[in-house]
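Residue numbering for the sequence shown follows the working numbering, starting at 56 and increasing by one per position.
C-beta atoms are modelled at their ideal positions from N, C-alpha and C, and glycine is treated no differently.
All values reported here derive from a predicted model rather than from experimental measurement.
The structure appears right after this line, and notes come after that.
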Amino acid sequence: RINQNNTKCHFLIPNTNKSSLNEQTKRTMTATTFQTKIKNTTNTSKKENILPMKVITSPTLQKSLPIIGHASYIFLASGFLMTDMLELRLLLVGGYSGLVLFHLCHA
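So, in structure tokens, the structure goes:
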């Protein structure tokens, strides 16, 4: 819907009562403020790495990243095939930890 100021307002409830016009204006202002807050909270900041760039750009780590990634997926696939609960949990924890490490070390 469009209110008197030609701005979109999803919360505007039309009333013909003059006494409720003030209430209508309050709802419009609240809706506009709410929409502005949503627009202002979007993450437009620059991405920052958790690990220092010195660690991430290490040639040894960059060479080992594909091995870590593939091993993690193999652990996960093997974990889902296990029938023993201890082995299942160990392989799944290892696989998910490896995936976290893999994505953590990307620039």
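Burial state of residue i (16 or more Cβ within 10 Å)
{"i": "residue 152", "result": "exposed"}
{"i": "residue 127", "result": "buried"}
Same chain only: Cβ atoms within 6 Å of residue i, ignoring 5 sequence neighbours per side
{"i": "residue 136", "result": "none"}
{"i": "residue 143", "result": "134, 137"}
{"i": "residue 154", "result": "127"}
Contacts around residue i, its chain only, beta-carbon distance under 7 Å, and the 5 residues preceding and following it disregarded
{"i": "residue 147", "result": "131, 134"}
{"i": "residue 149", "result": "130"}
Terminal residues of the alpha helix (DSSP H) in which residue i lies
{"i": "residue 129", "result": "114 to 136"}
{"i": "residue 142", "result": "140 to 159"}
{"i": "residue 111", "result": "108 to 111"}
Same chain only: Cβ atoms within 8 Å of residue i, ignoring 5 sequence neighbours per side
{"i": "residue 106", "result": "159, 160"}
{"i": "residue 119", "result": "none"}
Distance between beta carbons of residue j and residue i, contact taken as under 8 Å
{"i": "residue 157", "j": "residue 123", "result": "5 Å"}
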